[in-house]
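Asks:
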Amino acid sequence: MGRVGTIGAPRRAGTRDVPGVSAGRILALLQRQLYLYRRSLIRSLEIVYWPVMDLLVWGFLSVYVRQLRGGAGAAVAFLLGGMILWDIFFRVQQAISVSFLEDVWSRNLVNVFVTPISTVEFLSATMLLGVMKIAIIGTLLAVLALALYAFNIFHYSVALLPLVLNLIVAAWSMGIITTALILRYGHGAEALAWAIPFLFQPLSAVFYPVAVLPRAIQRIAWMLPTTHAFEGMRTVLAGGPLPWGHVGWAAATNVALLAIAVAVFARVMATARELGLLLRTEG
Amino acid sequence: MCITSPLAYDFPIIRANAGARKVDGRPAWTVYNAAVTLPIGPAILAQRLTKHYGAPAVVEDLSFAVERGEIVGFLGPNGAGKTTTLGMLLGLLKPTRGRVEILGLPMPEARRRILARVNFTSPYVSLPGNLTVGENLAVFARLYGVTRPGERIDALLQRFGLAHLRNRAAGRLSSGEGTRLGLVKALLNDPEVLFLDEPTASLDPDGAERVRQALKEIRDERGMTLFYTSHNMQEVERLSDRILFLHRGRLLADGAPGDVLRRFERDTLEHMFLDVAREEAPAAWGA
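Okay, here's the thing in structure tokens:
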């Protein structure tokens, strides 16, 4: 059969061409999320509710420990710093997986996937949302920690920045993997959006040094970018220089983790198109 | 201005289908805005389309071509394979075998270029209920890269009688209003091919008639191709230039409603539908 093709690029009035990656489409999805927050007080409060609860619980626990053991100031700083950085990681991961779930819950997923959006654009919007969320959360927690517990994390902000950036990238990877699992296994896997980050919390040595872990588990822990970020944080909070070794290891493992996450998502999207999963998520 | 392109006849598939429906003596793929669009290839081409998740196949060896500007009703009992076929045409589902071309472009290779020029709506999908009508449409206008989205949204809301609901949360609309909102979303990018899944399913007779009228008018104004599923056989007879009747994943009938009824010796499509759905069709039908 003769090839059926196009002459020129047939276009309709009122639309633009489809570039490879469109900032407009990324902004469209981001705009959609911002509309949600603007319209819902509960949803907006949810951004800060759990972080504040966490801060209160751990903060008061830290104060208690300090009262029990004189000179444990560094341990308090480690706990509060660990809590703030963990929340940054957790909220970024959540921004990605919960954004996807909201499209599933509102039966909007097919509407989105019949637009000319690419997977990169779809994920980019949720990744940007995560960064916007933690800009608010990080600042709020840091101010509260300063006001309530005289813990000034701003003093370390420059040194902590490379570690925080690594945590954000690690959270993106976890969020992408979680989203892939939800897409693959459907509604039953929704709890993974909340559960998966906490699976990595003990291994990442968020609130204690890696040395506390059993030796065999330490080997696994060092393979995670999050472990390097939290270990580096403790070095910084103890007054040491930025541990570039940890930053480097975190970055290297992040590259590997992000590549795995993207590969997993691409594979699951292909499977979704094989099995019709995008149609089934509409209930 | 209406023009025809002799180029189109270079392609055997066009030659095979040209003249299936004529408008003022011209083939149906004649387009209405020649300054921006050239009539190359059918709007939809499915060749030996097959999908199975195991055995038996959900869709088996399905071949058809839909000309530009045609209104085609895609019929069949539940489980006949309509949704699966729509999924393959929209690139949401990968065929096990066979080929899909939309507007002369291969799916899924040119998926994003195709999706920029088509649209879809169904009462079984919905827009986020916690966004207003206007916010939802602004998001999708941006996703489709619509220029002057405000004007476009205003005009469509007006046309479908939703202008007064612009600031209402989509989740607070009635089912009929929600269906019309889906149609407005589906028309935002001025699609060349519009896929509709039961477009009037949740509408009362008046609302359904208004939607049918609007769809016909838009087709006439814009030369848009409509490919829709429906279980309302009277609607199909009134709206469609042509029907494709699917049964157990295979094409049972293809033609103008009147021709199909004559061939299958039934008074109405509803009688034909019931015979097929209840497995009471004569053996000669091959159902």
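As they're listed, the protein sequences go chains A and B. The first sequence maps to residues 848 to 1130 in our numbering. The second sequence maps to residues 2 to 288 in our numbering. C-beta atoms are modelled at their ideal positions from N, C-alpha and C, and glycine is treated no differently.
Interface residues of chain B around residue 874(A) at Cβ under 8 Å?
Replies: If you number the first sequence from 1, residue 874(A) lands on position 27. Within 8 Å Cβ-Cβ: 143.
Asks: Per DSSP, what kind of secondary structure is residue 1120(A) in: helix, strand or coil?
Replies: What you label residue 1120(A) is simply residue 273 of the first sequence in a count that begins at 1. Correct three-state label for residue 1120(A): helix.
Asks: Closer than 6 Å by C-beta to residue 289(B): which residues in its own chain qualify, once you throw out the five before and the five after it? Chain order, please.
Replies: Within the shown structure, residues of chain B are numbered from 2 to 288, placing residue 289(B) beyond reach of any answer.
Asks: Counting C-beta neighbours from all protein chains within 10 Å, is the total for residue 1095(A) 16 or more, i.e. buried, or is it exposed?
Replies: Stepping through the first sequence from its first residue, residue 1095(A) is reached at position 248. That one is exposed.
Asks: Which chain A residues sit within Cβ distance under 9 Å of residue 121(B)?
Replies: Here residue 121(B) corresponds to residue number 120 of the second sequence, with the count starting at 1. By Cβ distance, chain A contributes 957, 958, 961.
Asks: Between residue 905(A) and residue 1088(A), what straight-line distance do the alpha-carbon atoms span, to the nearest angstrom?
Replies: Here the question's residue 905(A) lines up with position 58 in the first sequence. Here the question's residue 1088(A) lines up with position 241 in the first sequence. Taking the straight line from one Cα to the other gives about 26 Å.
Asks: Classify residue 1048(A) as helix, strand or coil using the three-state DSSP reduction.
Replies: Residue numbering aside, residue 1048(A) sits at position 201 when the first sequence is read from its first letter. Note: residue 1048(A) maps to coil in three-state DSSP.
Asks: Does residue 199(B) come within less than 8 Å of chain A when only Cβ atoms are used?
Replies: Against the second sequence, residue 199(B) aligns to sequence position 198. No - not a single Cβ of chain A is within 8 Å of the one on residue 199(B).
Asks: Does residue 35(B) have its Cβ less than 8 Å from a Cβ in chain A?
Replies: Within the second sequence, numbered from 1, the residue matching residue 35(B) stands at position 34. The predicted model places residue 35(B) with a pLDDT of 37, which falls under 50 and marks its position as unreliable; any figure quoted below should be read in that light. With 8 Å as the cut-off, residue 35(B) does not count as an interface residue toward chain A.
Asks: Cα separation between residue 1025(A) and residue 925(A)?
Replies: For the purposes of this step, residue 1025(A) is taken as residue 178 along the first sequence, with counting starting at 1. For the purposes of this step, residue 925(A) is taken as residue 78 along the first sequence, with counting starting at 1. If you take the alpha carbons of residue 1025(A) and residue 925(A), they lie about 28 Å apart.
Asks: Give me the residue from 42(B), 45(B), 78(B), 60(B) with the minimum Cα distance to residue 276(B).
Replies: Your numbering for residue 276(B) matches position 275 in the second sequence. Comparing Cα-Cα distances from residue 276(B) to each of 42(B), 45(B), 78(B), 60(B), the minimum goes to 78(B).
Asks: Report the three-state DSSP secondary structure of residue 199(B) (helix, strand or coil).
Replies: To locate residue 199(B), count along the second sequence from 1; it is residue 198. It is coil, neither helix nor strand.
Asks: Step through the CB atoms of chain A and report whether any lies within less than 8 Å of the CB of residue 88(B).
Replies: Within the second sequence, numbered from 1, the residue matching residue 88(B) stands at position 87. Chain A, which has a Cβ nearer than 8 Å to the Cβ of residue 88(B), makes this yes.
Asks: Please compile the residues from chain B whose C-beta is within a distance smaller than 8 Å of the C-beta of residue 946(A).
Replies: The sequence position of residue 946(A) within the first sequence is 99, counting from 1. Simply none; closest approach about 11 Å.
Asks: What three-state label does DSSP hand residue 54(B) in the structure shown?
Replies: Stepping through the second sequence from its first residue, residue 54(B) is reached at position 53. Residue 54(B): coil per DSSP, three-state reduction.
Asks: Find the residues of chain B that neighbour residue 1094(A), judging by a C-beta separation of less than 7 Å, and give them in chain order.
Replies: As a working note, residue 1094(A) is residue 247 in the first sequence. What residue 1094(A) touches in chain B: nothing, since even the nearest Cβ is about 37 Å away.
Asks: Checking 8 Å against the spacing of the C-beta atoms, do residue 245(B) and residue 75(B) come in under that value?
Replies: What you label residue 245(B) is simply residue 244 of the second sequence in a count that begins at 1. What you label residue 75(B) is simply residue 74 of the second sequence in a count that begins at 1. Taking 8 Å as the Cβ cut-off, residue 245(B) and residue 75(B) qualify as a contacting pair.
Asks: For residue 277(B), report the span of its beta strand (DSSP E) as first-last.
Replies: For the purposes of this step, residue 277(B) is identified with residue 276 of the second sequence, where counting begins at 1. Segment 270–278 is the alpha helix (DSSP H) holding residue 277(B); no beta strand (DSSP E) there.
Asks: Determine which residues share a DSSP beta bridge with residue 1029(A) and list them.
Replies: Along the first sequence, one-based indexing puts residue 1029(A) at 182. The partner list for residue 1029(A) (beta bridge, DSSP) is empty, contrary to what the question assumes.
Asks: Tell whether a beta-carbon distance below 8 Å holds between residue 1081(A) and residue 1061(A).
Replies: Locating residue 1081(A) in the first sequence gives position 234, counting from the first residue. Locating residue 1061(A) in the first sequence gives position 214, counting from the first residue. Result no, Cβ atoms of residue 1081(A) and residue 1061(A) do not sit closer than 8 Å.
Asks: Answer with yes or no whether the minimum CB distance from residue 94(B) to chain A is below 8 Å.
Replies: The sequence position of residue 94(B) within the second sequence is 93, counting from 1. Closer than 8 Å to some Cβ of chain A, the Cβ of residue 94(B) qualifies, so yes.
Asks: Check whether the Cβ of residue 54(B) lies closer than 8 Å to any Cβ atom in chain A.
Replies: In the second sequence, the residue the question calls residue 54(B) occupies position 53. Cβ-Cβ to chain A under 8 Å: yes for residue 54(B).
Asks: Rounded to whole angstroms, what's the CA-CA distance from residue 101(B) to residue 1066(A)? Just pull it up for me.
Replies: Residue mapping note: residue 101(B) aligns to position 100 of the second sequence, counting from 1. Residue mapping note: residue 1066(A) aligns to position 219 of the first sequence, counting from 1. Each residue's alpha carbon lies about 51 Å from the other.
Asks: Using only the alpha-carbon positions, how far apart do residue 171(B) and residue 267(B) sit?
Replies: As a first step, residue 171(B) is located in the second sequence; it is residue number 170 there, counting from the start. As a first step, residue 267(B) is located in the second sequence; it is residue number 266 there, counting from the start. Near 42 Å, if we compare the C-alpha coordinates of residue 267(B) and residue 171(B).
Asks: So, does the CB of residue 140(B) fall closer than 8 Å to a CB anywhere in chain A?
Replies: Working through the second sequence from its first residue, we reach residue 140(B) at position 139. Yes, residue 140(B) lies at the interface with chain A (some Cβ there is under 8 Å from its Cβ).
Asks: For residue 140(B) versus residue 169(B), is the C-beta distance shorter than 8 Å?
Replies: If you number the second sequence from 1, residue 140(B) lands on position 139. If you number the second sequence from 1, residue 169(B) lands on position 168. The answer is no: Cβ separation not under 8 Å.
Asks: Please classify residue 909(A): is it buried, with 16 or more other beta-carbons within 10 angstroms of its beta-carbon, or exposed?
Replies: Mapped onto the first sequence, residue 909(A) falls at position 62. Per the 10 Å Cβ criterion, buried.
Asks: If we count the other Cβ atoms within 10 Å of its Cβ and call it buried at 16 or more, is residue 873(A) buried or exposed?
Replies: Along the first sequence, one-based indexing puts residue 873(A) at 26. Burial call: buried.
Asks: Does DSSP put residue 1070(A) in a helix, in a strand, or in coil?
Replies: Position 223 of the first sequence, counted from the start, is the residue given in the question as residue 1070(A). In this structure, residue 1070(A) counts as coil in the three-state DSSP scheme.
Asks: Applying the criterion that 16 or more other CB atoms from any shown protein chain within 10 Å of the CB defines a buried residue, is residue 227(B) buried or exposed?
Replies: For the purposes of this step, residue 227(B) is taken as the residue at position 226 of the second sequence. Residue 227(B) is buried by the Cβ-count criterion.
Asks: Identify the continuous beta strand (DSSP E) that holds residue 108(B) and give its terminal residues.
Replies: Residue mapping note: residue 108(B) aligns to position 107 of the second sequence, counting from 1. Its beta strand (DSSP E) spans residues 106–108.
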